[in-house]
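Residue numbers (my numbering), protein chains in the order written: chain A, 1 to 147; chain B, 1001 to 1147; chain C, 2001 to 2404; chain D, 3001 to 3404. Backbone N, C-alpha and C fix where the C-beta goes; we use that ideal spot for every residue, glycine too. What you are looking at is a predicted structure, and each value in this text was computed from that prediction instead of being measured. Here is the structure we will look at, set down as structure tokens.
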Amino acid sequence: MELKELYQEIILDHAKNPRNKGKCEGYSHDAKAHNPLCGDKVHIYLKLDSNKNISGLSFEGEGCAISLASASILTDTLKGKNLQISKKVADDFLNMLKNKTKITLNSLSEDQITTISSLSGVQEFPMRIKCATMAWHTLLSAFDKKN
Amino acid sequence: MELKELYQEIILDHAKNPRNKGKCEGYSHDAKAHNPLCGDKVHIYLKLDSNKNISGLSFEGEGCAISLASASILTDTLKGKNLQISKKVADDFLNMLKNKTKITLNSLSEDQITTISSLSGVQEFPMRIKCATMAWHTLLSAFDKKN
Amino acid sequence: MIIKDIKTEFPIFKQKIKGKPLVYLDSANSSQKPKVVIDEISKFYETEFSNVGRSVHTLAVKATNKFEETRDKVKNYINAKYREEIIFTKGATEAINLVATAFGESFINSGDEILLTELEHHSNYVPWHYLKKKGAIIKFASVDENGDVNIDEFRNKISNKTKMIAFTHISNVTGTVMPVKKIIDLAKSKNIPVLIDGTQGAPHTSIDVQDLDCDFYAISCHKMYGPNGLGILYGKKKWLDKMPPYQGGGGMISEVKKDKITYADSPTKFEAGTMQTAEVVAFAKSISFFKNLGIKNIESHENEILEYGIEQLKKNNSIKIIGNPKKRASIMSFTIEGIHPHDIATILDDDGVAIRAGHHCCQILHDKLGISASARASIGIYNSKEDIDILCESINKCKKVFEI
Amino acid sequence: MIIKDIKTEFPIFKQKIKGKPLVYLDSANSSQKPKVVIDEISKFYETEFSNVGRSVHTLAVKATNKFEETRDKVKNYINAKYREEIIFTKGATEAINLVATAFGESFINSGDEILLTELEHHSNYVPWHYLKKKGAIIKFASVDENGDVNIDEFRNKISNKTKMIAFTHISNVTGTVMPVKKIIDLAKSKNIPVLIDGTQGAPHTSIDVQDLDCDFYAISCHKMYGPNGLGILYGKKKWLDKMPPYQGGGGMISEVKKDKITYADSPTKFEAGTMQTAEVVAFAKSISFFKNLGIKNIESHENEILEYGIEQLKKNNSIKIIGNPKKRASIMSFTIEGIHPHDIATILDDDGVAIRAGHHCCQILHDKLGISASARASIGIYNSKEDIDILCESINKCKKVFEI
Ligand SMILES: Cc1ncc(COP(=O)(O)O)c(C=O)c1O
Ligand SMILES: Cc1ncc(COP(=O)(O)O)c(C=O)c1O
Chain A
1 MELKELYQEI ILDHAKNPRN KGKCEGYSHD AKAHNPLCGD KVHIYLKLDS NKNISGLSFE
61 GEGCAISLAS ASILTDTLKG KNLQISKKVA DDFLNMLKNK TKITLNSLSE DQITTISSLS
121 GVQEFPMRIK CATMAWHTLL SAFDKKN
Chain B
1001 MELKELYQEI ILDHAKNPRN KGKCEGYSHD AKAHNPLCGD KVHIYLKLDS NKNISGLSFE
1061 GEGCAISLAS ASILTDTLKG KNLQISKKVA DDFLNMLKNK TKITLNSLSE DQITTISSLS
1121 GVQEFPMRIK CATMAWHTLL SAFDKKN
Chain C
2001 MIIKDIKTEF PIFKQKIKGK PLVYLDSANS SQKPKVVIDE ISKFYETEFS NVGRSVHTLA
2061 VKATNKFEET RDKVKNYINA KYREEIIFTK GATEAINLVA TAFGESFINS GDEILLTELE
2121 HHSNYVPWHY LKKKGAIIKF ASVDENGDVN IDEFRNKISN KTKMIAFTHI SNVTGTVMPV
2181 KKIIDLAKSK NIPVLIDGTQ GAPHTSIDVQ DLDCDFYAIS CHKMYGPNGL GILYGKKKWL
2241 DKMPPYQGGG GMISEVKKDK ITYADSPTKF EAGTMQTAEV VAFAKSISFF KNLGIKNIES
2301 HENEILEYGI EQLKKNNSIK IIGNPKKRAS IMSFTIEGIH PHDIATILDD DGVAIRAGHH
2361 CCQILHDKLG ISASARASIG IYNSKEDIDI LCESINKCKK VFEI
Chain D
3001 MIIKDIKTEF PIFKQKIKGK PLVYLDSANS SQKPKVVIDE ISKFYETEFS NVGRSVHTLA
3061 VKATNKFEET RDKVKNYINA KYREEIIFTK GATEAINLVA TAFGESFINS GDEILLTELE
3121 HHSNYVPWHY LKKKGAIIKF ASVDENGDVN IDEFRNKISN KTKMIAFTHI SNVTGTVMPV
3181 KKIIDLAKSK NIPVLIDGTQ GAPHTSIDVQ DLDCDFYAIS CHKMYGPNGL GILYGKKKWL
3241 DKMPPYQGGG GMISEVKKDK ITYADSPTKF EAGTMQTAEV VAFAKSISFF KNLGIKNIES
3301 HENEILEYGI EQLKKNNSIK IIGNPKKRAS IMSFTIEGIH PHDIATILDD DGVAIRAGHH
3361 CCQILHDKLG ISASARASIG IYNSKEDIDI LCESINKCKK VFEI
């Protein structure tokens, strides 16, 4: 059943218990986004250290299970990762939802790939794709904006 | 053939040789109208004497055969008539085109009834009814307006 | 026609959604179209199509007559005094924009006030908001916790600067049926014109604009089982005569010169450019359809379903119904603790149940309620108690999926 | 598809007018619709209808996808750079009003000049005329006796105050094909934005907005064998981003608060209220139909008929053809000494020939020509040389009826 694909255990877990909520301390970059049609909101905060590593990463937001889970999984997956790699992951994630490709980056652990790929069920629900991608687009624009 | 009903000899004659064209001397009332959709224009001038008789009646205008003939016939028929009677004729004329009634006023000669009734063919051409009625509506509003 | 069997008149219900019958509870968004209306569009395009009002050839004459007959039908349906008071627009949104712009230009100046309510759809707020540029002030009559706007709210917020009161006939979120007559009476006693956003009113209740004595009434035909892309503005002749035109273009002029332009009279003045001929012509069939059913029958049928729906939803402890207005029509909005409305809508859709989730273009109301979105089931003439039962079952499934 | 047989694709030609085959020479007014387009409207309403962009249920998803696919098709068809540059409107009239209002608000101030031509349709004059209220000045590039507007006219009338040049692609009276590229090059050299009224251009010639480098291009879908009540505005993203919204309402906002409203990005910002879903969806079929025929084939077919038509009309000494432009497309307007155009149209209609009589919403041009009205025969893809023959015969009948 497609619905079960969409609302997987792992997604419901992240939606109900989002990781890294709030403003991370001493964040250097942030960006927010908002989907006027449904009211979903997300605000991403990140701290980039001098080596271009993401030493802090968190979010504030409200919205549906998909958008919350997506933001939560994003922060969980990329915290501690290098800027370049994070951009690559975000691109791959967006590509997965747009072109139904698979995520196979060796910079991610198998577990991380499983988690992040759990959102691939959204492919079958076109109106919900924005819910899943918003946090990732916001991350990319946060990279471009210094606080 | 309906077309022949519309463009009767008598109508073409009035269209080609409109009677009472120009401003009648010493007119006391006038009114003009214009159909923005086709560009037809008419300006009615009339002189009402102290006995409420229409001692002068003329028109200026441009437009299709129907609108010219109608204005010409109007002036020809009502010149010299009393105000009250003229109003009645105008009402009857408009009624003829709206409700397909016949004109049977005893204040008009048989000839005049024939002439005025020649315009009844317009009934079958709904888009042309305005062409035939414009002069008559304008006459009625001229009565209400003093120069 | 019997309302019980009315679904068969709507072709859309022949199909299955994800293998299940379609339960369409999104009519407040846009209603489905009966076969007579769809067929009229085809027939018109296939055998009668022409632009209206301009050419004198046979097709143009037929099209123009049908077009103008619809105007008469609308006039009669809402009991307007003059046919010149009926203006065809793209939708209720355009109708309200027309009034805000053209009435605003002539009658609303710096320091003048426009009184709205917190229930309003963005379409009955944003157009007025534009008038702030010229110094107008917008006030909102507050909605109470039941979703009602007390008449005292209007009384208190009216001032001698109030130049327009604009409010919705029926709320598209709470289903509140506004005490229209009372508010208009109050407004009239102070000589303030009133615009009613009848978008949700017209499909669900009878309208008599002369009896109401409103100055403007906006309608969306596509929510009245009519074609998309069509709306109606009713306006009192005395205002329309004094208002400048709205859009400029073909058809709405009297005379065009390089140094001067004069305009036609209403309704032509407000109908610039080529109109939605086919849509207008087909809307005549919607009105007939409506009249055949009888607005009283429609009301009582829909109220029965609505009451049953509210009753059933109330049985479910996790559901919070939005509002408890004195009088409600056709609309039930709700939230479920722990499940976002978008997730509800997606899960319901899996059972063929079409509802809407979001703020329904009423952000001010949602802010007031302290929520960002709600789920909305809205009722049309084709809905039945069974639809409600399926809705409720499907809501239970939401809870299962979310393990709450 | 072969253009010769194309009439069979249009159901309207199955009927008889006064017992005679329909000779439709009024496509410049509105074109007839091919069966594929009519059928798509029915199919959409019968099996897929829903409001777009707002709900997440299956029907809404399908409808939204189809709606947005049409936007992509339009983008590709006119070779726009971004899909966000394609805005759906009620018609070309609304498209031009949108630009005059929203661009005008931001970029045209007191003393600024707008340069039009004497060929313009009222839809490309009245909306600009409204800007006189804020002190804008309107200038007209003159048309010469052939119906051409010389490039020097533009050169001479441009000043450093010129903030917009707006002109028609193809005249709806003389059929003049304007030297669009030349004028735009001139405008660009002075940094002046250009709006092209493409209402008569789009149905008859290929459009590449990037190649043209115009800033705005307005289209009427109903003249492109598409549904009524639909138009398109192409606008360069750089302008659309900077322009305020036009109509206010549902869908076009980003966030609505009592004290502040922020707006969505283009095209959403300019598409307030419920859109013409069915019409937009069906227009995708018009584009496919058009592409299948091939715009080059359409052009050469129409030009052949046009040349033949002009030739035949010239044989008749009583006929005065309006204009003799360097390049003409699809339109032949004329007068007959002693017979008013309305009478011509009525008599032609008796033979099943549909033409238009009047000033065709170009009063300034008709004033210049010293006439109040003209008769216009306009050519579409379904016309043939036979149609021209019937037209000419019928014109002879006019002379007989009028005994001249
Ligand atoms: C209360 C209310 N007002 C206005 C509108 C706008 O109507 P439309 O989108 O047809 O212009 C709607 C529907 O969206 C509505 O529910
Ligand atoms: C040259 C031209 N511009 C603008 C328009 C207006 O188009 P619409 O009526 O579709 O808005 C027309 C057609 O009427 C036209 O021929």
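Among the options, which residue has its Cα nearest to the Cα of residue i?
i, options, result
"D/Ile3305", "D/Gly3229, D/Ser3374, D/Glu3393, D/Asp3389", "D/Asp3389"
"D/Thr3101", "D/Gly3251, D/Pro3244, D/Leu3293, D/Val3353", "D/Pro3244"
"C/Ala2357", "C/Phe2334, C/Asp2350, C/Leu2365, C/Leu2369", "C/Phe2334"
"A/Val42", "C/Ser2372, C/Asn2396, C/Phe2067", "C/Ser2372"
"B/Ser1109", "B/Ile1010, B/Thr1077, B/Tyr1007", "B/Thr1077"
"A/Cys24", "A/Asn95, A/Gln8, A/Asn17, A/Leu57", "A/Leu57"
"D/Ala3326", "D/His3204, D/Ser3254, D/Pro3179", "Per the sequence shown, residue 3326 of chain D should be read as Lys rather than Ala. For the residues D/His3204, D/Ser3254, D/Pro3179, the minimum Cα distance to D/Lys3326 belongs to D/Pro3179."
"D/Asn3317", "D/Ser3288, D/Ile3379, D/Lys3399", "D/Lys3399"
"C/Ile2319", "C/Val2280, C/Ser2394, C/Gln2363", "C/Ser2394"
"A/Gly66", "A/Asp144, A/Lys145, A/Met127", "Here residue 66 of chain A turns out to be Ile, not Gly, going by the sequence shown. Checked all of A/Asp144, A/Lys145, A/Met127; the closest Cα to A/Ile66 is A/Met127."
"B/Ser1055", "B/Ala1033, B/Ala1069, B/Ser1028", "B/Ser1028"
Does any residue of chain B have a CB that is nearer than 8 Å to the CB of residue i?
i, result
"C/Ser2254", "yes"
"C/Asn2303", "no"
"D/Ile3347", "yes"
"D/Lys3016", "no"
At a Cβ threshold of 8 Å, is residue i touching chain C?
i, result
"D/Lys3090", "yes"
"B/Met1001", "With a pLDDT of only 49 at B/Met1001, under 50, the local geometry of the prediction cannot be trusted, and no value is derived from it."
"D/Gly3053", "no"
"A/Glu62", "yes"
"A/Lys12", "Correcting the residue identity first, residue 12 of chain A is Leu in this sequence and not Lys. With 8 Å as the cut-off, A/Leu12 counts as an interface residue toward chain C."
"D/Met3275", "yes"
"A/Cys24", "no"
"B/Leu1037", "yes"
Should residue i be flagged as near chain A, meaning a C-beta pair shorter than 8 Å?
i, result
"D/Val3056", "yes"
"D/Val3061", "yes"
"D/Ala3272", "no"
Can you find a C-beta in chain D that's less than 8 Å from the C-beta of residue i?
i, result
"C/Phe2140", "yes"
"B/Pro1018", "no"
"C/Arg2356", "yes"
"A/Met134", "no"
"A/Leu140", "no"
Is the region 3122-3135 of chain D touching the region 3091-3108 of chain D, taking contact as three or more C-beta pairs under 8 Å? yes
I'd like to know if the region 2370-2386 of chain C and the region 3001-3019 of chain D are in contact, where contact means that at least 3 CB-CB pairs between them fall below 8 Å. no
Pairing CB atoms from the region 125-144 of chain A with CB atoms from the region 82-95 of chain A, are three or more of them under 8 Å? yes
Mind listing, in chain order, the continuous alpha helix (DSSP H) runs of no fewer than 4 residues lying wholly within the region 27-114 of chain A? 65-78, 83-99
Is it true that the region 3259-3270 of chain D meets the region 3077-3096 of chain D, where meeting means three or more beta-carbon pairs spaced less than 8 Å apart? yes
Entirely within the region 2234-2308 of chain C and at least 4 residues each: give me those alpha helix (DSSP H) ranges in chain order. 2237-2242, 2277-2293
Cβ pair count under 8 Å reaching 3, the region 1036-1051 of chain B against the region 3364-3383 of chain D: yes
Count the C-beta pairs between the region 3026-3037 of chain D and the region 2029-2038 of chain C that are closer than 8 Å, then say yes if the count reaches three, no if not. no
How about the region 3217-3225 of chain D and the region 3193-3202 of chain D: do they share at least three Cβ pairs that are nearer than 8 Å? yes
In chain order, each alpha helix (DSSP H) run of at least 4 residues that lies wholly inside the region 2178-2219 of chain C: 2180-2189, 2209-2212
Any alpha helix (DSSP H) of 4 or more consecutive residues that is wholly inside the region 3328-3389 of chain D: 3341-3349, 3363-3369
Three or more C-beta pairs under 8 Å: does that hold for the region 2344-2359 of chain C against the region 2309-2316 of chain C? no
With three or more beta-carbon pairs closer than 8 Å as the criterion, would you say the region 3043-3061 of chain D touches the region 3278-3290 of chain D? yes
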